[in-house]
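Protein chains in written order, with this note's numbering: chain A, 1 to 113; chain B, 1001 to 1114.
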């Protein structure tokens, strides 16, 4: 069965600092991996996705993630945090493409001025 | 395109009442699904559909019913509401095949059961 673990339910960084949100997955087949962002009282918006092409995936708003099969990880990074990055971030895995996503528990990112 | 729309945005029910959460999409997507979001648990799949007339259960289907009579609409029915169903509900849609590999999410319905 697929599963996703996001390390750290809350992450706090200073404006301009590196953002690192951790995601580890388990899957019995090559996975499709996604990062979604949720701003307060809104739905989920896709940040980026891995679909077995390049292992380093670039997304919107300056975010990127690297697929590391040996570590079963798909960590999300951004070199310099902005106040507008404050939100909740979800990592998700699927064995069937975009369907039947299994989500991690989420990481709330706080940006300190 | 309006994308994925959900109604209502907020709802309060008493235990034992029934109601239907509406979901519609105008992108001609074959696949539609319902998730519930609870604090510390991420989103969990309730039911999904790969096309009109075809539905299946997800991870947490108990207490919920769905049907898919058209490509556009995928309503979620709560048969007899319970406090454990207090949650935020999201509808999502995507193409079944192709390179888009993205589910589009609606804005959510916040449900409270007292």
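Each residue gets a CB set at the ideal place from its N, CA and C atoms; glycine is no exception.
{"Item": "Between residue 1109/B and residue 1039/B, is the Cβ-Cβ spacing less than 8 Å?", "Value": "no"}
{"Item": "Can you grab the Cα-Cα spacing for the pair residue 1047/B / residue 84/A, in whole Å?", "Value": "33 Å"}
{"Item": "Starting from residue 73/A, follow its DSSP beta bridges and name the residues at the other end.", "Value": "24/A and 68/A"}
{"Item": "Could you please give the first and the last residue of the uninterrupted beta strand (DSSP E) stretch that includes residue 56/A?", "Value": "56-58"}
{"Item": "Tell me the DSSP secondary structure of residue 1084/B in three-state form.", "Value": "helix"}
{"Item": "When the distance is taken between beta carbons, is residue 1019/B closer than 8 Å to residue 1081/B?", "Value": "yes"}
{"Item": "For the beta strand (DSSP E) containing residue 1031/B, list its first residue and its last residue.", "Value": "1031-1038"}
{"Item": "Chain A partners of residue 1105/B, CB-CB under 7 Å?", "Value": "43 and 44"}
{"Item": "Pick helix, strand or coil for residue 1027/B, following the three-state DSSP scheme.", "Value": "coil"}
{"Item": "Taking the beta strand (DSSP E) that residue 82/A falls in, what are its first and last residues?", "Value": "Element bounds for residue 82/A: n/a, residue is neither H nor E."}
{"Item": "Quick one, which of 1042/B, 1073/B, 1059/B and 1015/B has its alpha-carbon nearest residue 1025/B's?", "Value": "1073/B"}
{"Item": "Using three-state DSSP, classify residue 112/A as helix, strand or coil.", "Value": "strand"}
{"Item": "Kindly give me the distance between the Cβ atoms of residue 1101/B and residue 100/A, rounded to whole angstroms, as I take these residues to be in contact under 8 Å.", "Value": "Contact doesn't hold; Cβ gap of about 13 Å is too wide."}
{"Item": "Pull out every residue of the region 85-101 of chain A whose Cβ sits closer than 7 Å to any Cβ of chain B, in chain order.", "Value": "90, 97, 98, 99, 100 and 101"}
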